[in-house]
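Numbering (the numbering used here), first residue to last: -18 to 187. Quick reminder that beta carbons are idealized off the backbone N, C-alpha and C, glycines included.
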């Protein structure tokens, strides 16, 4: 091992201990520790070693160093860079709570920018599909009654249009939708059965 590699390993080992100690510090709220652990997990999972990483400090450090070195391609580079940012922020004196709060604010800002982005012109593109899904999700989960009703109308038109189109009846579409359709049917049937039992109890029937 070269002197440069040895120095790099020692730096990564130091970073690993900082992360390990942070996620085991009971003075930090559990939710914060879990979120930092979530980012670290993505790096640890890159390593082929799989024992209980969270209780064994030495193994955690070994897998952390290995994972950080292996994370040279997407999507692993995102996890690596995020962990690096957490480490550097901790070294600068930022608290775990402040780091996660900053991450959350950044996520909210990006989500808001995406929701308010203009509609892509090419309706056959992946960008347009992603944009449309976000718009419908916002309408379904929001408090605007008119937007909610409009989303349902558009959703129903989409379903009816697909069902009436001969090209829709292809096995690839059927297989892609089948698990979701069956799950919806099961959930609805279970709800109907619960409501029926509840109605019978209120009516004094067995």
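Inset, instruction - Throw me the rounded Cβ distance for the residue -1 and residue 45 pair, which I believe falls under 8 angstroms. - result: So it is not a contact: roughly 10 angstroms between Cβ atoms.
Legend entry - Buried or exposed (CB count within 10 angstroms, at least 16 for buried), residue 64: buried
Legend entry - residue 138 - containing alpha helix (DSSP H), residue span: 126 to 144
Legend entry - Simplified DSSP state of residue 39, which is helix, strand or coil: helix
Legend entry - Cα-Cα separation, residue 174 to residue 181: 11 angstroms
Inset, instruction - Quick one: give me the first and last residue of the alpha helix (DSSP H) that residue 148 is part of. - result: No alpha helix (DSSP H) contains residue 148, which DSSP labels as neither H nor E.
Legend entry - Beta-carbon proximity of residue 70 to residue 24, cut-off 9 angstroms: no
Inset, instruction - Answer yes or no: do residue 38 and residue 1 have a C-beta to C-beta separation smaller than 9 angstroms? - result: yes
Inset, instruction - Pick out whichever of 43, 14 and 13 has its Cα sitting closest to the Cα of residue -9. - result: 43
Legend entry - As assigned by DSSP and simplified to three states, the class of residue 100: coil
Legend entry - Between the CA atoms of residue 53 and residue -11 - distance to the nearest angstrom: 15 angstroms
Legend entry - Nearest neighbour of residue 62, chosen from 48, 73 and 103 [CA to CA]: 48
Inset, instruction - Please report how far the alpha carbon of residue 56 lies from the alpha carbon of residue 170, in whole angstroms. - result: 39 angstroms
Inset, instruction - Return helix, strand or coil for residue 18, following the three-state DSSP convention. - result: helix
Legend entry - Reduced DSSP category for residue 7 - H, G, I as helix; E, B as strand; rest coil: coil
Inset, instruction - Specify, as a first and last residue, the run of the alpha helix (DSSP H) that residue 122 falls within. - result: 107 to 122
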